[in-house]
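What follows is a short report on a single structure.
There are 2 protein chains.
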Amino acid sequence: MEHASDDEQAPEAEGATPTQRAIALAARELFEAKGYGAASIREIAKAAGVDPALVIRHFGSKDELFARVIGFDEHFAPHLDGPLGTVGERLTAYLLDASHTQLRASFSAIVRAADHERVRVEFQDSLRRLLVEKLSARMSGDDTLLRAWLVSAQLVGLIHSWDAVGGESATPEARAQVARLYGAAIQKLITP
Amino acid sequence: MEHASDDEQAPEAEGATPTQRAIALAARELFEAKGYGAASIREIAKAAGVDPALVIRHFGSKDELFARVIGFDEHFAPHLDGPLGTVGERLTAYLLDASHTQLRASFSAIVRAADHERVRVEFQDSLRRLLVEKLSARMSGDDTLLRAWLVSAQLVGLIHSWDAVGGESATPEARAQVARLYGAAIQKLITP
DNA sequence: AATGCTCAGTCAACACTGTTGACACGGTTC
DNA sequence: GAACCGTGTCAACAGTGTTGACTGAGCATT
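So the protein sequences, as listed, match chains A and B. Residues 1 to 192 (this note's numbering) are what the first sequence spells out, left to right. Residues 193 to 384 (this note's numbering) are what the second sequence spells out, left to right.
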């Protein structure tokens with residue numbers, strides 16, 4: 001909402017051409033399903049019914065396409081608003097909720113694509129805007145910004161290790177237990 | 193130490209041929225310096241003075257080469273032995289210590305290469321053997337294994353976000369502060 | 001001594017990747 | 001009508017990981 005000029009539109013906004021939206025949609029689905037590396041531009045183009053070169057024409061590069069299409073928008077913001085004493089557990093529970101598979105798929109794809117610097121810095125920036133700064137603003141005590149970064153680091157680690165710690169097949173009870181335990185650990189950084 | 197048969201030697205052990213050791217050494221250095229994706233097999237081969245095909249001949253694939261050459265062996269084990277009440281901070285402090293750049297480089301390369309499944313499962317296995325099981329064995333209460341996995345998740349997240357939270361240029365004081373804060377959060381899962 | 005066997009090492013090629021340049025079409029503006 | 005611009009297409013590029021056919025040396029067996 002910062003600037004509504006005529007270029008650099010979000011790929012799924014109304015200003016984008018149908019082709020761009022088709023590419024963005026196919027890219028999003030394939031990135032989430034197969035990860036950054038395994039989803040090739042040619043495959044994305046084919047799924048969108050478009051020439052591979054056109055994907056690059058519109059989005060510049062694979063890195064940029066990924067960064068523009070994969071994200072976690074305003075998912076976290078609502079859960080930073082409630083009582084501060086339980087925000088850790090609420091964040092974790094939200095992230096692990098069985099019905100939020102797509103959020104996890106996006107988040108996981110980004111975390112796993114960290115080998116690409118462009119993706120990394122874009123991700124860090126999103127995290128800062130959408131989580132760290134908002135959370136830090138509500139915290140009190142010393143090093144609020146640092147502690148908020150560490151909270152985000154914990155969430156990243158949880159997603160990275162989600163397979164080892166339960167995975168998509170975990171029961172709701174298991175998820176709740178992880179949310180309780182990990183949420184408490186996160187909370188230690190928010191209200192020590 | 194499980195089986196000392198004549199094949200499947202560790203690439204830097206005495207049983208390996210000089211060429212294999214040269215490849216392993218070059219691969220390690222390049223992987224740590226440039227990351228998994230940016231270090232090509234042809235580049236590694238050139239640095240080792242060897243034909244690229246020979247690298248594959250000896251190590252099977254790039255994934256396997258990476259998994260065999262990059263690791264964090266017994267780095268964590270010693271710090272799991274001391275008093276249990278401060279193991280969180282000691283682990284974190286050790287991981288962030290300014291003189292342990294190479295450990296961080298290895299760890300970071302692995303975490304960032306998570307887009308490759310082979311690397312991921314190998315990493316998870318190492319984590320289980322070298323950290324989770326040993327830590328879990330010392331813990332008491334419910335869900336010790338799950339909680340130990342969550343500890344490892346926190347360390348992964350810290351490495352993943354290390355740039356955002358200080359990075360290699362952080363002062364020793366900053367590192368100590370992170371170790372104190374993050375260590376306390378980790379500790380919450382070990383001795384709640 | 002001659003044979004065969006294994007294994008390190010080499011070379012050219014494969015299929016695939018992301019990306020680019022030259023070109024064609026269609027609509028808008030002068 | 002002419003010049004332009006953005007969308008779309010095609011073939012090609014350089015680079016990637018990987019493979020198959022080949023050489024050659026050392027060693028064992030007959």
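The C-beta atom is built at its ideal place from N, Cα and C for all residues, glycine as well. Only a predicted model underlies this, so the values are computations on that prediction, with no experimental measurement involved.
If you check each beta-carbon in the segment 81 to 113 of chain A against every beta-carbon of chain B, the ones closer than 8 Å belong to V111, R112 and A113.
Think of a sphere of 7 Å around the beta carbon of K188/A: the chain B residues whose beta carbon falls inside it are A376, A377 and K380, in chain order. Taking a Cβ-Cβ threshold of 7 Å, none of the residues of chain B is close to D63/A; the smallest such distance is about 11 Å.
Inclusion of G229/B and H116/A in the CB contact set at 8 Å is warranted, their separation being smaller than that value. Interface annotation, S152/A: in contact with chain B, CB-CB separation under 8 Å. In this chain, the alpha helix (DSSP H) harbouring H352/B covers T336 to H352. Between A114/A and L135/A a beta carbon distance of about 21 Å is seen, past the 8 Å cut, so the two are scored as non-contacting. Cβ-Cβ separation between L323/B and S344/B: approximately 5 Å, consistent with a contact (criterion under 8 Å).
Relative to the Cα of A356/B, the nearest Cα in the group A47/A, H100/A and D125/A belongs to D125/A. Distance from the CA atom of I23/A to the CA atom of A48/A, rounded to whole angstroms, is 5 Å. If you ignore the 5 residues before and after V55/A, its C-beta comes within less than 7 Å of the C-beta of I23, I41, I44, A45 and L65, all in its own chain and listed in chain order. Exposed is the label assigned to V121/A, since fewer than 16 other Cβ atoms lie within 10 Å of its Cβ. Here the C-alpha atom of V50/A lies approximately 12 Å from the C-alpha atom of A27/A.
For R321/B, no alpha helix (DSSP H) run applies, since DSSP gives it neither H nor E. Contact annotation for R260/B against chain A: no contact, minimum CB-CB distance about 19 Å [criterion: below 8 Å].
Rounded to whole angstroms, G183/A and A93/A show a C-alpha spacing of 8 Å. Put simply, the CB of A356/B is near chain A, with a gap under 8 Å to one of its CB atoms. Secondary structure at T17/A: coil, using DSSP grouped into helix, strand and coil. In the structure shown, D63/A falls within a helical segment according to DSSP collapsed to helix, strand and coil. In the DSSP assignment, I233/B falls within the alpha helix (DSSP H) that extends over I233 to A240. Spanning the alpha carbons of R282/B and H292/B requires a straight line of approximately 14 Å.
Considering only F268/B, A231/B, V311/B and A245/B, the residue with the shortest C-alpha distance to D255/B is V311/B. Under a criterion of Cβ atoms nearer than 7 Å, the residues of chain A adjacent to V348/B are, in order, G157, H160 and S161. Between L30/A and F72/A, the CB-CB gap reaches or exceeds 8 Å. The three-state reading of DSSP puts F264/B in coil, since its state is none of H, G, I, E or B. Shown here, V357/B sits in coil according to DSSP, grouped into three states, outside any helix or strand. In the three-state DSSP reduction, G227/B falls in the helix class (H, G or I).
Minimum Cα-Cα distance from G227/B among the listed residues P270/B, F268/B and F299/B corresponds to F299/B.
Close to G229/B, with beta-carbon spacing below 9 Å, are these residues of chain A in chain order: G37, D115 and H116. Nearest CB-CB separation between L338/B and chain A: below the 8 Å threshold.
Going by beta carbons, L95/A and L155/A fall inside the 8 Å limit. Note on geometry: alpha-carbon atoms of T191/A and L150/A lie some 13 Å from one another.
In the three-state DSSP reduction, P83/A falls in the coil class, being neither helix nor strand. Around D265/B, no beta-carbon contact reaches into chain A at under 7 Å, the shortest distance being about 20 Å.
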